[in-house]
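Scroll down for the structure; my scribbles are underneath it.
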Amino acid sequence: MTMIANKLQQVQARIVTACTAAGRDPASVRLLAVSKTFPAEALREAHAAGQRAFGENYVQEGLAKIEMLADLRGDIEWHCIGPLQSNKTRPVAEQFDWVHSIDRLKIAERLNEQRPAGLAPLQVCLQVNVDGGANKSGVAAEEALGLARAVAKLPRLRLRGLMAIPEPAEGFEAQRELFLRAAAVYEQIRADGIALDVLSLGMSADLEAAVAAGSTMVRIGTAIFGGRG
Ligand SMILES: *Cc1c(COP(=O)(O)O)cnc(C)c1O
96 MTMIANKLQQ
106 VQARIVTACT
116 AAGRDPASVR
126 LLAVSKTFPA
136 EALREAHAAG
146 QRAFGENYVQ
156 EGLAKIEMLA
166 DLRGDIEWHC
176 IGPLQSNKTR
186 PVAEQFDWVH
196 SIDRLKIAER
206 LNEQRPAGLA
216 PLQVCLQVNV
226 DGGANKSGVA
236 AEEALGLARA
246 VAKLPRLRLR
256 GLMAIPEPAE
266 GFEAQRELFL
276 RAAAVYEQIR
286 ADGIALDVLS
296 LGMSADLEAA
306 VAAGSTMVRI
316 GTAIFGGRG
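With the working numbering applied, the sequence shown covers 96 to 324.
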């Protein structure tokens, strides 16, 4: 077994353990492999081991890998998880399957206009700032419902859920408490009648706390591909 296949198996085992501890079905949590800074060959190795969803932070880097792995295009789901500038939306709308980092209506409207008619709607999550840090990306929790209502109306996007990246916190309980704030916003939007089904929470260091708070998609880089130097 290759190193990456082995790491993927370890992460899957962590997800199962976390779900068991939380009384949840392990099939309710998807694994997104975050491949930023790693070469296309590492993704090919992960794909050969059964991984199908990959997350990239930087648009240019992601586009280069989509091109290098064009032979696997129909069998890979590409997720854009990094901050998006409005002048970079077109290639994302044209090439990616998902965007997790919608933090304002203008970005959503551009993606909606630029999503090619021949493709399925772009699957999107709103990024919510659950720490209240003014210089962090993400819509403020109090403004998330209004943004969700507007994004849900855009026909070439399909609003699936929320993503959050809380500041690193010390210990399971502190981490879980921050993730629960995102889960509360998620429930608020669902209670408004918008059918969300994805809560994108948790990275290598805190996936257990994220699963305990209700995450349905963990975004894991380091624990699969190694450190980014
Ligand atoms: C880098 C990154 C991850 C993965 O982080 P690890 O700690 O390496 O697992 C997840 N989500 C986002 C948005 C990231 O930028």
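Here a beta-carbon is modelled for each residue, glycine too, at the ideal position from N, C-alpha and C.
Nearest neighbour of residue i, chosen from the options [CA to CA]
| i | options | result |
| --- | --- | --- |
| residue 129 | 234, 102, 150 | 150 |
| residue 178 | 110, 194, 166 | 194 |
| residue 222 | 318, 265, 214, 254 | 254 |
| residue 153 | 184, 209, 309 | 184 |
| residue 231 | 245, 317, 182, 196 | 196 |
| residue 297 | 138, 189, 270 | 270 |
| residue 135 | 122, 111, 162, 120 | 162 |
| residue 218 | 173, 310, 144, 180 | 173 |
| residue 140 | 98, 257, 316 | 98 |
| residue 123 | 107, 137, 133 | 107 |
| residue 320 | 159, 142, 276, 214 | 142 |
| residue 242 | 315, 281, 208 | 281 |
| residue 208 | 239, 251, 240 | 251 |
| residue 300 | 324, 188, 314 | 314 |
| residue 279 | 266, 215, 257 | 257 |
| residue 171 | 127, 316, 289 | 127 |
| residue 238 | 159, 205, 277, 267 | 277 |
| residue 104 | 120, 115, 146 | 146 |
| residue 176 | 306, 160, 295 | 295 |
| residue 394 | 311, 159, 260, 220 | In the structure displayed, the chain extends from 96 to 324; residue 394 sits before or after that span and is not available. |
beta-carbon residue i near ligand 1 non-hydrogen atom, thresh 8 angstroms
| i | result |
| --- | --- |
| residue 115 | no |
| residue 394 | There is no way to answer for residue 394, as the model of the chain reaches only from 96 to 324. |
| residue 253 | no |
| residue 131 | yes |
| residue 256 | no |
| residue 310 | no |
| residue 98 | no |
| residue 177 | yes |
| residue 150 | yes |
| residue 125 | no |
| residue 197 | no |
| residue 202 | no |
| residue 323 | yes |
| residue 300 | yes |
| residue 109 | no |
| residue 289 | no |
| residue 260 | yes |
| residue 284 | no |
| residue 315 | yes |
Cβ-Cβ separation, residue j to residue i (assumed contact under 8 angstroms), whole Å
| i | j | result |
| --- | --- | --- |
| residue 198 | residue 234 | 5 angstroms |
| residue 113 | residue 262 | At roughly 21 angstroms, the Cβ-Cβ gap does not stay under 8 angstroms, so residue 113 and residue 262 are not in contact. |
| residue 102 | residue 318 | 6 angstroms |
| residue 283 | residue 240 | 6 angstroms |
| residue 236 | residue 274 | With 8 angstroms as the limit, residue 236 and residue 274 do not qualify as a contact, their Cβ atoms being about 13 angstroms apart. |
| residue 289 | residue 247 | 5 angstroms |
Min CB distance residue i to chain C below 9 angstroms
| i | result |
| --- | --- |
| residue 204 | This model lacks chain C altogether; it includes just one protein chain. |
* Just list the alpha helix (DSSP H) runs in the stretch 134–204, keeping only unbroken ones of 4 residues or longer that don't cross its boundaries, in chain order. => 135–143, 154–163, 184–190
* **Ordered list of beta strand (DSSP E) runs contained in the stretch 218–306, each at least 3 residues** => Whole beta strand (DSSP E) segments, 3+ residues: 252–258, 293–295.
* Fully enclosed by the stretch 97–141, which alpha helix (DSSP H) runs are 4 residues long or longer? -> 98–117
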